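Chains as they are written, first to last, in the working numbering: chain A, 130 to 560; chain B, 8 to 360. C-beta atoms are modelled at their ideal positions from N, C-alpha and C, and glycine is treated no differently. These numbers were taken from a predicted model, which means no experiment stands behind them.
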Amino acid sequence: MSAKLLIKGGRIIDPSQGLDQIADLLIEAGRVESIGSEPGSAGVPPAEELEIFDASGLIVAPGFIDLHVHLREPGEEYKETITSGAAAAIAGGFTSICSMPNTDPVNDNASVTRFIIEKAREAGLARVYPIGAITRGSNGEELAEMAAMKEAGAVAVSDDGQPVMNGQVMRHAMEYARDHGLVVVDHCQDLDLAAGGVMNEGRYSTLLGLRGMSGAAEASHVARDILLAELTGARVHIAHISTAASVETVRRAKQRGVAVTCELTPHHLALTDAAVASFDTSTKMNPPLRSEEDRAALIEAARDGTIDAIATDHAPHHLDEKMLEYDRAPSGVIGLETALGVALTVLHHSSGVSVSRIVEMLTIGPARAFSLSAGTLAAGSPADLTIFDSQREWTVDPRQFKSKSRNTPFAGWKLRGQVSATFVAGRRVLG
Amino acid sequence: MIGVQWFAVFRAIRCRPSTGHRPPTTGHQPRATGHRPPIKLAFTRKDLLGIRELSVEEIETILDSAGSFKEISLRSIKKVPTLRGKTIINFFFESSTRTRTSFEIAAKRLSADTINISASKSSVTKGESLIDTARNLQAMAPDAIVIRHPSPGVPHQLARMVDASIINGGDGAHEHPTQALLDAFTIREHKGRIAGLQVAIIGDIMHSRVARSNTHLLTKLGAHVRIAGPRTLIPPHYQSIIEESEGSLTVCDHIEEAITGSDVVMMLRIQRERMSAAFFPSLKEYAIEYGLTLRRLELAASDCIVMHPGPINRGIEISSEVVDGAHSLILDQVSNGVAVRMAVLFLLVGIES
């Protein structure tokens, strides 16, 4: 590999700099050197010293960031490993992923955090940022050692999947996390109100006789967290927001200046609870697929800037585990390798949201939410790049996935928009 | 006679010659079907999973066919060779006496071989996945599997995995198609029609597969269904479950509103364990507020019929006077269950493709 790399003739979209233009991008020693519209302009070395990537017709963006993945290692390596998850990330154009702490053991202490970072370094693919637990064992009772985990490399704290039901514990978690500069990420769900539901409460849960969880179970928890964020001055990030009421609650909070951010998943953008009528367990996730009204509200929130990040909630499960009765099957779907295609298909091609806005939710939006030094092509930044074709049509074939699991609701879907190449620190890892 | 024409049609179209099938040939003619055109063979499904996906024609095919089968149970020798050599597995993951027995009798009166498997939750749910259950069943080469399971959708999942016809014998709170069919058969037998009738369904709608299947079936056939019960036990979106149909669905605020002028009053069983989840305060209060008493029944049409899918909690959702009273068709429902299930087994398994 030459020390210098020229990404030539692509449409560079970098929302962190308000950039959307056809230009060349020069990379040197793993960092962005310069962006210039004139090929051969000053600063570009002679051809023999230069590796060239022809990006004409393609979009060149900062490497994508996924704030919400489950890598399953340590503990459930038969579903996914840090290496296979990082490979799936690269295949999907994600150069940075944040791994949720619900492993076995839970990432609630610095040694597990260090283990994850070490494994990710060995894999040498995507950058992996561990998220530590809020409470020990994610039991919702005693605080986990946030400062030590931060020191070891954790970027946020969350008890994802196990909502912190005790408001006072959450208050203390926010106060403590604030002191240590950590974002608190919450899976918002009032478990009492959710009442053991396995899908969204609505027409389809009623038709199917499956226990429903109301949208209010999420929105009331979102409202609680926002009030606590105001009370404590902490930064709160709402994971996988899924209802119209939750989105409206976040929108109003942002308007009055609360430090709240939120993410949404591609599957909540693309699917509704109508898909559950097949009793196909690849439509089971938590939060569940919602109504068409909720889906429309999510698209509007993505358009108007209420949504900060598109995050996959990539949740690998083995085929055997998913092949159960609908109400007994585990929740979760994988998403790293379909996220861009689904986001472009649903948000851009079908709903007219600009590619630039979508790139923002995949790059600088999530970077700001977790204060990651990523998501930009500003000169001097690490040269993490995702190069994609926003028009290319492809059919989802789970057999081609790099992930160890196959639990996707998008098998057989025709998507428009596909990753062409992924670079991490100037090194081409895909394409 | 309608019955004769039916089976002549079945034999002519579907049965191999010289298989020795001896269809019922007596002159029983259900009152309700007297005005119907005799030939309607609109059933080509592999499985009976629910009422929601059935067309009006398919429902009428089953009901008309059941009318012919009912006669067999009135004979001194209650057996025809129609399903001789066929194997039917009754696979029940939930305790059930009525439905399982009904299916078993139906199969035996058609000369099928029946096997009952009762899977207690503890022995099956640990370890064996649905796919293995399905493969094991498949390996025994049954012609039909009647399945009852506490999880909604299991019959649908199994139907995709096995060649046998799957008959949903009740899946969680989802559907119980043969119950709705026997209820419709019973109503039609006594009222001569379903279209235009006012039918009240009262009680725990939320957890009731019977309510759902009946709501689909009765509205498809043009009845006006009224739902009532404690608001805690009526799903907030219940109104939205029906497709466009001749009939209608109304969720009532009070039981009296539902009963007034009704031609049919269908009561649902209330389960004690609902109290612990704070759905209602006590059985005593439930009986007073939502129970069907003779006094409440006076609000209904004078010739109204009272139904209950069983098992009954006497004195709770329905008073003994009503259960044993002149309007009650609760035991007719049980008798008709056998005929309807014979029809379903015949239509799914007895017709050679």
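- Task: Look at ILE368 of chain B and THR226 of chain B and say whether their C-beta atoms are less than 8 angstroms apart.
- Result: Outside the displayed span of chain B (8 to 360) sits residue 368 of chain B, for which this structure offers no information.
- Message: Rounded to whole angstroms, what is the Cα-Cα separation between ALA216 of chain A and LEU200 of chain A?
- Response: Roughly 11 angstroms separates the two Cα atoms.
- Item | Alpha carbon of SER309 of chain B to alpha carbon of PHE353 of chain B, nearest angstrom | Straight-line Cα distance between these residues: approximately 37 angstroms.
- If we count the other Cβ atoms within 10 Å of its Cβ and call it buried at 16 or more, is THR104 of chain B buried or exposed? Here THR104 of chain B is exposed. Its C-beta has fewer than 16 other C-beta atoms within 10 Å.
- Task: For chain A, find out if any of its Cβ atoms is closer than 8 angstroms to the Cβ of SER158 of chain B; answer yes or no.
- Result: Yes - at least one Cβ of chain A is within 8 angstroms of the one on SER158 of chain B.
- Message: Which residues in chain A have a C-beta closer than 7 angstroms to the C-beta of ALA181 of chain B? List them in chain order.
- Response: Looking at the sequence shown, residue 181 of chain B is not Ala but His. Neighbourhood of HIS181 of chain B in chain A, by CB distance below 7 angstroms: LEU337, GLY338, in chain order.
- Following the continuous beta strand (DSSP E) through ARG557 of chain A, name the residue where it begins and the one where it ends. It spans 556-559 - the beta strand (DSSP E) in which ARG557 of chain A sits, taken as one unbroken run.
- SER240 of chain A: which of A:THR224, A:ALA281, A:GLU205, A:ARG250 sits nearest, CA to CA? SER240 of chain A has its Cα closest to that of A:ALA281, out of A:THR224, A:ALA281, A:GLU205, A:ARG250.
- With distances taken from CA atoms, which of A:LEU501, A:GLU429, A:GLN384, A:TRP542 is nearest GLY192 of chain A? Here the closest residue by C-alpha is A:LEU501.
- Item | Any chain B beta carbon closer than 8 angstroms to LEU476 of chain A | Taking Cβ atoms only, chain B never reaches closer than 8 angstroms to LEU476 of chain A, which makes this a no.
- ILE561 of chain A to LEU339 of chain A, Cα distance in whole Å? Any answer about residue 561 of chain A is impossible in this case: the structure gives chain A only from 130 up to 560.
- Message: Using a Cβ-Cβ cutoff of 8 angstroms, what residues of the region 49-65 of chain B are near chain A? List them in chain order.
- Response: The region 49-65 of chain B vs chain A, Cβ under 8 angstroms: ARG59.
- As assigned by DSSP and simplified to three states, the class of THR33 of chain B: Summary for THR33 of chain B: the model assigns pLDDT 42, below 50, so the residue's position carries little reliability; its value from the coordinates is reported in the next sentence. Annotated three-state conformation of THR33 of chain B is coil, per DSSP.
- Given that ASP456 of chain A touches chain B, what residues does it touch there, using C-beta distances under 9 angstroms? Residues of chain B passing the Cβ test: PRO157, SER158, PRO159, GLY160, GLY179.
- Query: Looking at chain A, which residues of the region 310-337 of chain B have a Cβ within less than 9 angstroms of any of its Cβ atoms?
  - Reply: Per Cβ criterion, the list is empty.
- Could you tell me how far apart the beta carbons of ARG535 of chain A and PRO527 of chain A are, in whole angstroms, since I believe they sit closer than 8 angstroms? That pair is a contact at about 4 angstroms.
- Message: Our contact map puts GLU209 of chain A next to LYS533 of chain A with C-beta atoms below 8 angstroms; I'd like the distance itself, whole angstroms only.
- Response: Right, the Cβ-Cβ distance comes to about 5 angstroms (below 8 angstroms), so this counts as a contact.
- Just how far apart, CA to CA, sit HIS350 of chain A and ASP289 of chain A? Cα to Cα, HIS350 of chain A sits roughly 13 angstroms from ASP289 of chain A.
- Proximal residues to ILE122 of chain B (C-beta, below 6 angstroms), its chain only, five neighbours per side dropped: Correct list, in chain order: ILE96.
- chain B beta carbons: is any one of them nearer than 8 angstroms to that of MET414 of chain A? Judged by the 8 angstroms Cβ criterion, MET414 of chain A is not in contact with chain B.
- Message: Does the region 395-408 of chain A come into contact with the region 424-444 of chain A, if we say contact requires no fewer than three beta-carbon pairs (one atom in each stretch) closer than 8 angstroms?
- Response: Counting C-beta pairs with one atom in each stretch, the region 395-408 of chain A and the region 424-444 of chain A have three or more that are closer than 8 angstroms, which means they touch.
- Message: Give me the DSSP bridge partner(s) of TRP523 of chain A.
- Response: A:LEU544.
- Item | LEU337 of chain A vs HIS301 of chain A beta-carbon contact at 8 angstroms | Result no, Cβ atoms of LEU337 of chain A and HIS301 of chain A do not sit closer than 8 angstroms.
- SER125 of chain B at chain A interface by Cβ criterion, 8 angstroms: SER125 of chain B does not count as touching chain A.
- Rounded C-alpha distance that separates ALA191 of chain B from LEU70 of chain B: One C-alpha to the other measures close to 8 angstroms.
- Message: For the pair the region 236-248 of chain B and the region 325-335 of chain A, tell me if three or more CB-CB distances fall below 8 angstroms.
- Response: Touching, yes, given that three or more Cβ pairs across the two stretches are closer than 8 angstroms.
- Message: Suppose contacts are defined by Cβ-Cβ distances below 8 angstroms. Is SER136 of chain B in contact with LYS86 of chain B by that definition?
- Response: Not a contact, by the Cβ cut-off of 8 angstroms.
- Query: Within this structure, are the beta carbons of ALA306 of chain A and MET275 of chain A separated by less than 8 angstroms?
  - Reply: MET275 of chain A sits close to ALA306 of chain A, with the two beta carbons spaced by under 8 angstroms.
- Query: Per DSSP, LYS137 of chain A is paired with what?
  - Reply: Answer is A:ASP183.
- To which residues of the same chain is THR26 of chain B closer than 7 angstroms at the C-beta, ignoring the five residues directly before and after it? Legend: pLDDT at THR26 of chain B = 37, less than 50; position of this residue unreliable, no value from coordinates given.
- Could you pull out every unbroken beta strand (DSSP E) segment of at least 3 residues lying fully inside the region 100-179 of chain B, listed in chain order? Within the region 100-179 of chain B, the complete beta strand (DSSP E) runs of at least 3 residues are 120-125, 151-156, 172-178.
- Scan the region 446-473 of chain A for residues whose Cβ lies nearer than 8 angstroms to a Cβ of chain B and list them as they occur along the chain. With the criterion set as a beta carbon lying under 8 angstroms from some beta carbon of chain B, the members of the region 446-473 of chain A are ASP449, MET452, LEU453, GLU454, TYR455, ASP456, ARG457, in sequence order.
- Task: Would you please state the rounded distance, in angstroms, between the beta carbons of GLU392 of chain A and LEU196 of chain A? I believe it to be under 8 angstroms.
- Result: At roughly 6 angstroms, the Cβ-Cβ gap stays under 8 angstroms, so GLU392 of chain A and LEU196 of chain A are in contact.
- Item | Contact set between PRO242 of chain B and chain A, taken where Cβ atoms lie within less than 7 angstroms | For a Cβ distance threshold of 7 angstroms, residue set THR335 of chain A lies close to PRO242 of chain B, ordered along the chain.
- Task: Output yes if chain B places a C-beta closer than 8 angstroms to the C-beta of GLY261 of chain A; else output no.
- Result: No, GLY261 of chain A does not count as interfacial toward chain B.
- According to the Cβ coordinates, are VAL329 of chain B and VAL313 of chain B closer than 8 angstroms? Yes; because the gap between Cβ atoms is below 8 angstroms, this pair is in contact.
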